[in-house]
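Written out below as structure tokens is the structure these notes cover.
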Amino acid sequence: MSTYLITGVSRGIGYGFLSNLSSNPENTVIGLARNRIATEEKVSKELGARPNVHILQADMTDYNSILRAAKETEKITGGSLDYIIANAGVMSPSEAFANIGELAKDPKVFDDAFSYTMSTNVIGNVYLFTSLMPLILKGKAKKIIAISSGVADIELLRKYDLELSPTYAASKAALNAIVAKFSAQYAKDGVLVMSICPGMVDTQEFAGTTDEQKQKFGNFVQNLQRYAPHFTGPKTTESAVEDLLTVVGKSSVENGDGGSFVSQFGTKQWL
Numbered sequence: 032m033s034t035y036l037i038t039g040v041s042r043g044i045g046y047g048f049l050s051n052l053s054s055n056p057e058n059t060v061i062g063l064a065r066n067r068i069a070t071e072e073k074v075s076k077e078l079g080a081r082p083n084v085h086i087l088q089a090d091m092t093d094y095n096s097i098l099r100a101a102k103e104t105e106k107i108t109g110g111s112l113d114y115i116i117a118n119a120g121v122m123s124p125s126e127a128f129a130n131i132g133e134l135a136k137d138p139k140v141f142d143d144a145f146s147y148t149m150s151t152n153v154i155g156n157v158y159l160f161t162s163l164m165p166l167i168l169k170g171k172a173k174k175i176i177a178i179s180s181g182v183a184d185i186e187l188l189r190k191y192d193l194e195l196s197p198t199y200a201a202s203k204a205a206l207n208a209i210v211a212k213f214s215a216q217y218a219k220d221g222v223l224v225m226s227i228c229p230g231m232v233d234t235q236e237f238a239g240t241t242d243e244q245k246q247k248f249g250n251f252v253q254n255l256q257r258y259a260p261h262f263t264g265p266k267t268t269e270s271a272v273e274d275l276l277t278v279v280g281k282s283s284v285e286n287g288d289g290g291s292f293v294s295q296f297g298t299k300q301w302l
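Using the numbering used here, you'd call the opening residue of the sequence shown number 32 and step up by one each time.
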């Protein structure tokens, strides 16, 4: 039996992790979501009664809610935790189809976008890892996995002119640095802390885009295809989760994976 805590389980990859891992009744799966009731209703409707699933309310921008979730997790698991999958992440709607020059024309828009992504994608995970570390240290697997993004790779951005979502990219690069810092501190205790990029996944977050936005995203995809000519489009959430879990299973402190930032293939090939 293994115990998992997953953030951002209301939809997308987080929900995919919850669905996959809880299909084994021997696992205990704890999901954090901002809207606990709506997420519980979704789980009940789509997955049925799974007594090994526990949904807790937490907001990654609310330190006290993270602390409360950590205390509730301790009660559920009996004082230990094997895995953290830090999936929760945001992208400001104002920057989804904007480059940094466009975004920075309005200082308030830029400041809001930067604060929004950094507070959730970076600072929230610092508090999450810190509050749950006592449980991880008592766990069997001792693995903390941060879901990052290939757009945090500076060489990829530089070589292939990937302009869009500048503060999101910056926040994921900062997250990778924080992951390396946690690894530097806790690897000696057997804790694996690493970042993994899931690739491009069809989470249907940008339904209803305008023609101009579709064109910008099309240009973004064309640049990605210069990087990876074999790339044909986003993968399903289910296949992305399977790929990620394979990398998690193979990775360890002993293999030198602590603090690393890799793709769903366990390499630096992002697509």
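Glycine included, every Cβ here is placed at the ideal spot set by N, Cα and C.
Let me confirm a value: residue i is counted as buried when at least 16 other C-beta atoms fall within 10 Å, else exposed. Which label applies?
| i | result |
| --- | --- |
| Asp220 | exposed |
| Lys174 | buried |
| Ile61 | buried |
| Lys171 | exposed |
| Pro124 | exposed |
| Ala129 | buried |
| Glu126 | buried |
| Ser54 | exposed |
| Pro229 | buried |
| Ala271 | buried |
| Met91 | buried |
| Asn286 | exposed |
| Lys190 | exposed |
| Met164 | buried |
Rounded to whole angstroms, how far is the Cβ of residue i from the Cβ of residue j, which I believe are closer than 8 Å?
| i | j | result |
| --- | --- | --- |
| Leu223 | Asp274 | Not really, about 18 Å apart at Cβ, beyond 8 Å. |
| Leu159 | Ala117 | 6 Å |
| Val182 | Gly290 | Val182 to Gly290, Cβ: 19 Å. No contact. |
| Val40 | Leu49 | 5 Å |
| Phe251 | Leu193 | 7 Å |
| Gln59 | Ile107 | The sequence shown places Thr at residue 59, rather than the Gln named in the question. That belief holds up - the Cβ atoms of Thr59 and Ile107 are roughly 7 Å apart, short of 8 Å. |
| Ile37 | Val232 | Contact flag wrong, Cβ pair sits at about 15 Å. |
Taking DSSP's pairing of strands, which residues face residue i in a bridge?
| i | result |
| --- | --- |
| His85 | Ile61 |
| Val232 | Lys266 |
| Ile176 | Ile116 and Met225 |
| Leu187 | Its beta-bridge partners do not exist; DSSP assigns none. |
| Leu36 | Ile61 and Ile115 |
Measure the alpha-carbon distance for residue i versus residue j and round it to whole angstroms.
| i | j | result |
| --- | --- | --- |
| Ser226 | Tyr199 | 15 Å |
| Pro265 | Ala89 | 29 Å |
| Tyr217 | Val74 | 34 Å |
| Ala208 | Asn152 | 12 Å |
| Asp93 | Asp143 | 17 Å |
| Gly280 | Asp113 | 12 Å |
| Gln244 | Asn95 | 37 Å |
| Val293 | Trp301 | 8 Å |
| Gly47 | Leu255 | 25 Å |
Would DSSP call residue i helix, strand or coil?
| i | result |
| --- | --- |
| Ala80 | coil |
| Thr92 | coil |
| Phe292 | strand |
| Thr70 | helix |
| Ser286 | Checking the sequence, you will find Asn at residue 286 rather than Ser. Coil, per DSSP. |
| Gly109 | coil |
| Asn130 | coil |
| Glu305 | The requested residue 305 is not part of the displayed model; the chain covers only 32 to 302. |
| Glu243 | helix |
| Asp192 | coil |
Cβ of residue i within 7 Å of any heavy atom in the ligand PLP?
| i | result |
| --- | --- |
| Val232 | In the structure shown, the ligand PLP is absent, as is every other ligand, since no ligand is present at all. |
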